[in-house]
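Per the working numbering, the sequence shown starts with residue 281, numbered consecutively.
Take a look at the structure below.
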Amino acid sequence: MASEITPLNATAARSAYDIGDLEASKSFHNARSQGEAVEEHSSGGDFIKAIVFGGLDGILTSFAIVAGAAGGGMTPQVVLVLGFSNIFADALSMGVGEFLSSKAHNEWVLSERKREKWELENYPEGEIQEMIDIYEERGMSKEDATIVINKMAKYSEFFVDVMMAEELQLQVPEEDHKWESMKEGLVMFLSFAAFGSLPLMGYVIIPTFFPELGEETLFTSACAVTGIVLFIMGCVKSMFSTTNWFVSGMETFMLGGACATLAYVIGQYVEEKTGAKV
């Protein structure tokens, strides 16, 4: 069976297109049609996407907390308490939210599929005509559209899935969609917590070996680590868009800088106005 296109192996086809390499494009499509491409579960790309975007949320949230605390003149101990408690609480919230939203969406899609199947069973000529009209709108002649749709309609389960995609723009989830939703939630939790912890690592590791270093050095280390990771994650994020990898990396880097600057300025302003210093 041919491999399914995921954001990972689709990148190979996109790269071939970007550089105008016809042979590479042919090689990719031939391998895929012969089932020789790397076999990946269809949801693999979704999990990588969840890791990237969950990680971005985590590291931006954490860095904003660190920057705000630094602007407010808080001690490293307070930064760690605020940082880790917020990151893991937010990670749990994000993970649970991802699970519930994914589960609810899949259940809704399946309910829509059930309705479409019922309509096909009870009024097939109407559903078939709807599909013919859709294909005509896309440029197919009425005669060809009628032939194609009537051929597909012989395979009811397949045809219902096609109706879902063409009429409602909905992708029918896999049979194990509940387990997939749980995995998506877990991936979101872990990626948010893991990447969110990175800006705090300097506050944990550096004092162990260099206890004489001050708060400014610790904050600088957090900025450096976060900046590098944000740029890398921005580059990876370009796999899911048509944006150039360098542009995507710089956009993500500057977004992180803007968030941190705002948090730092607000923290500094509140500290100056209230005189609160922890």
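Glycine included, each C-beta is placed from N, C-alpha and C at the ideal position.
Cβ atoms of THR532 and LYS517 come within 8 Å of each other, at about 6 Å.
Relative to the Cα of THR541, the nearest Cα in the group LEU493, GLU399 and ALA344 belongs to ALA344.
For ASP441, the enclosing alpha helix (DSSP H) has its first and last residue at 436 to 448. Here the alpha carbon of GLU492 sits roughly 18 Å from the alpha carbon of LEU480.
For MET468, the enclosing alpha helix (DSSP H) begins and ends at 457 to 489. Taking the Cα of PHE368 as reference, the smallest distance to any Cα among ASN386, GLY352, LYS397 and ASP337 is reached at ASP337.
Taking C-beta atoms under 8 Å as the contact rule, ALA349 and VAL358 qualify, at a distance of about 6 Å.
SER501 and ASN386 have their alpha carbons spaced roughly 43 Å apart.
Apart from sequence neighbours up to five positions away, the residues of its chain that approach LYS422 with a beta-carbon distance below 8 Å are ILE412 and GLU416, ordered along the chain. With respect to LEU340, PHE469 sits apart: the two C-beta atoms are not nearer than 8 Å. Contact between LEU478 and ILE486 does not hold, since their C-beta atoms are separated by about 13 Å, which reaches or exceeds 8 Å. In the DSSP assignment, SER373 falls within the alpha helix (DSSP H) that extends over 356 to 402. For GLY537, the enclosing alpha helix (DSSP H) stretches over residues 525 to 554. If you ignore the 5 residues before and after GLY482, its C-beta comes within less than 7 Å of the C-beta of LEU498, SER501, ALA502 and VAL505, all in its own chain and listed in chain order. In the DSSP annotation of this structure, the continuous segment of the alpha helix (DSSP H) that includes PHE511 starts and ends at 495 to 517. Annotation for GLY334: MET468, SER471 and PHE472 place their beta carbon closer than 6 Å to its own, counting only its chain and skipping 5 residues before and after. Shown here, THR341 sits in a helix according to DSSP, grouped into three states.
When only Cα atoms are considered, SER436 and HIS457 end up about 21 Å apart. Contact check for ILE414 against GLU455 fails: the beta carbons are separated by 8 Å or more. Put simply, the backbone Cα of LYS397 is about 17 Å away from that of LYS431. With distances taken between CA atoms, ALA433 lies nearest to GLY406 out of GLY406, GLY536 and VAL452.
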